[in-house]
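See structure below.
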Amino acid sequence: MTQAPTRESMLAAVQNLTPMIEAHAAEAETLRRPVDAVIDALRDTGVFMSYVPSRYGGLEIDTDTFIDVGLAVSQACTSTGWVTTFYMEHNWMLAQFPTLTQDAIFGAQGYILAPASISPSGKANAVDGGYRLSGRWPWGTGVMHADWILLNAMVEGTVPDPRMFLVPRSEIEVEDTWYAAGMEGTGSNDMIAEDLFVPAARSESLIAMAFGRGSGATGPCYRHPMLPLLTLAAGTPALGAARRALELFKARLGERTLYGTPNKQAERPSAQILLGNCSARLRSAETVLRAVGHEFSAWGDREAPCPTEDRARMRVQVAQVVQTCRDVVQALMQRSGAGAHMRTQPMQRLLRDINTLSCHTVFDEDLGGENYGRILLGMDPASLA
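Residue numbers (the working numbering): 9 to 393.
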């Protein structure tokens, strides 16, 4: 781009790209990764600067803009929307790292394209000047176009010490494992590190990051809790998929003649009821999603970190939004006829994508509900909140 984007120009540029993104959605699924031309076009919009600190030319966007971007891309292609929101959010994670590391990376290249695994699937040993890192991390969303990788590992020792490690993409192995029923276009392959040296400045406490209190976090945009932002990054594509399914269903009502009758499906009260109810449910889901974004981002302006109880509740709220979106897509698909299941129809891909997406661990209502319930009872949460 010839000049630095603004939030408004970036969002407009992303929205203008959606026909192209949708045109490549089936190709992304066939390739089992995002399409190169789409990622290049998204780069040109400035979208990956969204959560880069302003001192490096970044946009430091608000959560409504984040949701708007995610919805625009996800309505065109759920997989590409998923990769896009995670790429955006993972720059927020880098902004938690030591300032020295931010200077070296943001200062040199503006932003990163990085998968991030918060699952402690690796082990690290402290050595002079840093750590030796080994492990295998599945679900590497964004790894196929990555230049850096964010990996969580437990540091060996007497006190549990989960840390995030930042490593160049060239130093890890990517194993082609991503054969999935849905979300195949994300290219979320396994990532492997073997006795990899990571300098101390390229690691950060995951616990500190969870509170928005990483050693390099400065300003309100980076001092709110991490997990609610992650749930927004993962939850927004579900809403985008459901909104697109609703658009397709509405168009189909005016085209589809029901077997054995001369009438269009749009004339049937049952179809009208379903359309009205699903439309209202998705409006309510969006209201909750945006309210969660407003709530957790407001904690960035406060000296105290967001309480564990509030973080746990917000996780459950977004999980319920995602389940609503999944239920809506399933209901719409059931009433769309057998023709909607043909591989040439985007509706079937939306169904497979949202069924897969909704199984992400942050949307586990049992685990999230257990966490929240335990906290309400005065107990420690069962997992990171």
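Built from N, CA and C at the ideal position, the CB exists for glycine as well. Model, not experiment: these values are computed from the prediction.
Reference residue i; option with closest CA among the options
| i | options | result |
| --- | --- | --- |
| residue 336 | 367, 249, 84, 180 | 249 |
| residue 197 | 217, 153, 214 | 153 |
| residue 88 | 273, 294, 47 | 47 |
| residue 108 | 133, 332, 224, 287 | 224 |
| residue 54 | 18, 62, 85 | 18 |
Per-residue burial, residue i [other beta carbons within 10 Å of its own, 16 or more giving buried]
| i | result |
| --- | --- |
| residue 96 | buried |
| residue 251 | buried |
| residue 391 | exposed |
| residue 105 | buried |
| residue 191 | buried |
| residue 202 | exposed |
| residue 9 | With a pLDDT of 42 at residue 9, under the threshold of 50, the modelled position of this residue cannot be trusted, and the question is left open. |
| residue 361 | buried |
| residue 293 | buried |
Residue i in three-state terms, based on DSSP
| i | result |
| --- | --- |
| residue 90 | helix |
| residue 271 | coil |
| residue 127 | strand |
| residue 141 | strand |
| residue 162 | strand |
| residue 211 | strand |
| residue 60 | coil |
| residue 265 | strand |
| residue 378 | helix |
| residue 373 | helix |
| residue 204 | strand |
C-beta contact flag for residue i and residue j at 8 Å
| i | j | result |
| --- | --- | --- |
| residue 75 | residue 240 | yes |
| residue 157 | residue 122 | yes |
| residue 207 | residue 138 | yes |
| residue 264 | residue 345 | yes |
| residue 365 | residue 90 | yes |
| residue 170 | residue 238 | no |
| residue 284 | residue 274 | no |
| residue 127 | residue 244 | no |
Element boundaries [beta strand (DSSP E), containing residue i]
| i | result |
| --- | --- |
| residue 281 | Note, residue 281: premise wrong, no beta strand (DSSP E); alpha helix (DSSP H) at 277–306. |
| residue 82 | Run containing residue 82: none in the beta strand (DSSP E); it sits in the alpha helix (DSSP H), 71–84. |
| residue 341 | From DSSP, residue 341 is part of no beta strand (DSSP E) but of the alpha helix (DSSP H) over 316–342. |
| residue 260 | Taken as a continuous stretch (DSSP letters only), residue 260 belongs to no beta strand (DSSP E), being part of the alpha helix (DSSP H) at 234–261. |
The alpha helix (DSSP H) enclosing residue i, as first and last residue numbers
| i | result |
| --- | --- |
| residue 120 | No alpha helix (DSSP H) contains residue 120, which DSSP labels as neither H nor E. |
| residue 175 | No alpha helix (DSSP H) contains residue 175, which is instead part of the beta strand (DSSP E) from 170–176. |
| residue 182 | Segment 181–183 is the beta strand (DSSP E) holding residue 182; no alpha helix (DSSP H) there. |
| residue 359 | 354–365 |
| residue 15 | 15–31 |
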